[in-house]
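Keeping their order, the protein sequence lines are chains A and B.
Count the first sequence with our numbering and you get residues 31 to 322, in order.
Count the second sequence with our numbering and you get residues 31 to 322, in order.
From the three backbone atoms N, C-alpha and C, an ideal C-beta is built for every residue, glycine too.
There are 2 protein chains.
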Amino acid sequence: MENDRYYGIDVGGTSVKIGLFQGTRLLDKWSVPTDTSNGGDHILRDIVASLPGPAAGAALAVPGAVLPDGTVNRCVNLGWGICRPSDEFTAMSGIPCRVLNDANAAALAEQRLGGGKGFESILFVALGTGVGAGVVLDGKIRNGARGAAGELGHLCLDPGDTAAACTCGHYGCVEQYCSATGIVRLAAQAGMPGLNCKQIVDGAAAGSDRLEAVVDAACDALGRGIAGACAIIDPEAVVLGGGVSQAGEYFRLKVQAAFDRYAFHACLGTKIFLATLGSDAGLTGAALYAMD
Amino acid sequence: MENDRYYGIDVGGTSVKIGLFQGTRLLDKWSVPTDTSNGGDHILRDIVASLPGPAAGAALAVPGAVLPDGTVNRCVNLGWGICRPSDEFTAMSGIPCRVLNDANAAALAEQRLGGGKGFESILFVALGTGVGAGVVLDGKIRNGARGAAGELGHLCLDPGDTAAACTCGHYGCVEQYCSATGIVRLAAQAGMPGLNCKQIVDGAAAGSDRLEAVVDAACDALGRGIAGACAIIDPEAVVLGGGVSQAGEYFRLKVQAAFDRYAFHACLGTKIFLATLGSDAGLTGAALYAMD
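Structural data, given as structure tokens:
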């Protein structure tokens, strides 16, 4: 019964997005608020209480590192420390459950069904408040030996302590230049404080030279970071997702140009695409991971 | 007949090293000079003429990028342009043949039989005249979509044109700091020209503060580069090979310390090992690739 239905569950810091899938078909989706009180103790119970019925499997996409055995190594935004949410989920629901990093889930969805469709290996980069990324090789997501694969946001571009301090404790990480937060910081540094990321990118696209210089600096850093990642894994294609990438073709062309400036010559020809699944990427990728 | 024998062939710019293997057992090895005249036209013929008999398979490890279909995208040191040496080899010898990048071959050998034995996923870094690298994941070498996986030597650490110009056309690549050539350059820059890499590292280990500062700068750059690569693929372990790594534990500890300074926190605990197969790594890895 229900042996072809899967739940894809994207556990975010504000809300949990849940999709019910039959194969790659999204039958229904809904969300529940994320209750981070008591160390995020209610989150799984609230998710399970919202499920309409049994299923063949489920996967949780979480904002933190996931070890190969399914142990989650802290999700600060959820209040979770080191834990095994898939075991707890299964105990409560009776549904087999896997767990993976949320950017990795989005990467898998974009590779199979979104901006990277048709490619077996992609680098996916999600530009939001931070910079997440995921590596898909031969159609499989790479989680890494310590759950840290695809941490492009923490590739160091400038180690000097005059560079921007990153939340990770280092300086000059990719995330400090091309996340929404990073772009806002670059604009403030250039004498334009108080603007949000959308205002900056829209203003640049509308013709402001000063704002365009900010966006160019962000895209230059991102292109250099992507070039570095491609020198290691050499994927068939790169896919840009997350809120910042909604600036669309204007933004994509700048990132492609920066990549082309920095890429190792054998990597030239690697094309950068825009993601197409939007905020459904996480729950979709989780469902695909559950089915794998 | 001979259906369990394989040739592993490491095609270098000066000599070709050839090993005859039965499983992982090296039965015999020899070398032939590399004749780079006429665009390297005689290289394959000279190799085939040296073979003692038939075999179940062979693989060529070459100093250049190898596309997924076996096309070699230039080997400057051999005089080769775009070519398909495995097809030619098979036509001349009757032996089925594969081709892969030489650093990738060494990576595979070190993962299966050398410094990375016991790990399924490693980053291998060969520090020689240049910096080669290879990525092994789940026991398989990753060649990349354009043959450029594992080009850690061309990860950019400092893009400014005041940084050292690299042979690849960019500035500030990892290779410019921690290859033998890079270390010699750093020493010259510090006012100590005319020393070779071994003299520099030996002098540092023997207590020269000025030379130690050079080696520290090289290891700092390498540790930062490895930290960047680990943020993308998060391997179980890292293995250092090539001539420069023969400085041994003195050098390894400095690279480990630099890695620990720059690594993303989830990657901490990744250990750096020394390679153990020396100059046999390439031919051994080629034989393993032929058997796969």
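Residue burial is scored here from C-beta neighbours: LYS301 of chain A has fewer than 16 other C-beta atoms within 10 angstroms and is therefore classed as exposed. Approximately 6 Å separates the beta-carbon atoms of CYS198 of chain B and HIS295 of chain A; this is inside 8 Å, confirming the contact. Contacts between ILE263 of chain A and chain B, judged by CB atoms closer than 8 Å, involve VAL165, ARG172, GLY174, ALA179, ILE262, ILE263 in chain order. Within the same chain, Cβ atoms closer than 6 Å to the Cβ of ALA234 of chain A are found at LEU241, GLU242, VAL245, the five residues on either side in sequence being excluded. The three-state reading of DSSP puts LYS284 of chain B in helix, counting H, G and I together. Cα atoms of GLY162 of chain B and GLY237 of chain A: separation of roughly 44 Å, rounded to the nearest angstrom. The continuous stretches of alpha helix (DSSP H) do not include GLY169 of chain B, and DSSP gives it neither H nor E. Within the region 121–209 of chain A, the alpha helix (DSSP H) runs of at least 4 residues that lie entirely inside it are, in chain order, 132–143, 205–208. For the pair VAL214 of chain A and GLY255 of chain A, the CB atoms are not nearer than the 8 Å cut-off. Of all C-beta pairs linking the region 73–83 of chain A to the region 162–177 of chain A, fewer than three are shorter than 8 Å, placing the two stretches out of contact.
Per DSSP, reduced to three states, the secondary structure at LEU81 of chain A is coil, with no helix or strand assignment. With 16 or more neighbouring CB atoms inside 10 Å of its own CB, ILE48 of chain B falls in the buried class. Here ASN103 of chain B carries a strand assignment [DSSP, helix/strand/coil]. A:GLU181 is the residue among A:TYR36, A:GLU181, A:ASP232, A:MET122 whose C-alpha sits nearest the C-alpha of ALA137 of chain A. Linking ILE125 of chain A to GLY315 of chain A through their CA atoms gives a straight-line distance of about 18 Å.
Those residues of the region 68–91 of chain B placed with their C-beta closer than 8 Å to a C-beta in chain A do not exist.
Under the 10 Å beta carbon count, ALA121 of chain A is surrounded by fewer than 16 other beta carbons and is classified as exposed. Sequence-ordered contacts of the region 264–294 of chain B with chain A read ASP264, PRO265, GLU266, TYR292, PHE294 [C-beta pairs closer than 7 Å]. In this structure, the alpha-carbon of GLN206 of chain B lies about 44 Å from that of ASN33 of chain B.
DSSP, reduced to helix, strand and coil, places PRO115 of chain A within a helical segment of the structure shown.
By DSSP's assignment, GLY43 of chain A forms no beta bridge with any residue.
Contact between ASP132 of chain A and ALA88 of chain A is absent: CB atoms are separated by about 15 Å, not below the 8 Å threshold.
Taking a Cβ-Cβ cut-off of 8 Å, the neighbours of ASN103 of chain B in chain A comprise ALA296, given in sequence order. Remark: three or more beta-carbon pairs, one from each stretch, lie closer than 8 Å, so the region 140–151 of chain B and the region 266–282 of chain B are flagged as touching. When C-beta distances to chain B are compared with 8 Å, the residues of the region 241–256 of chain A below that value are ARG254, in chain order.
Under the 8 Å Cβ criterion, the region 38–58 of chain A counts as touching the region 306–315 of chain A, having at least three qualifying pairs. Only residues of its own chain outside the window of five on either side were considered, and among them ILE48, SER80 have a CB closer than 7 Å to the CB of TRP60 of chain B, listed in chain order. Beta-bridge analysis with DSSP links LYS301 of chain A to A:ALA267.
Between LEU157 of chain B and VAL274 of chain B, the beta carbon gap of about 4 Å places them in contact (Cβ cut-off 8 Å). At least one C-beta of chain B is nearer than 8 Å to the C-beta of ALA95 of chain A. Contacts with chain A at 8 Å (Cβ-Cβ) include ALA259 of chain B.
Under the Cβ criterion of 8 Å, SER151 of chain A is counted among the residues facing chain B. Counting along the chain, no alpha helix (DSSP H) covers GLY221 of chain A, and no H or E run does either. Per DSSP, the beta bridge partners of ILE48 of chain A are A:ILE39, A:TRP60. Taken through DSSP and simplified to helix, strand or coil, LEU97 of chain B comes out as coil.
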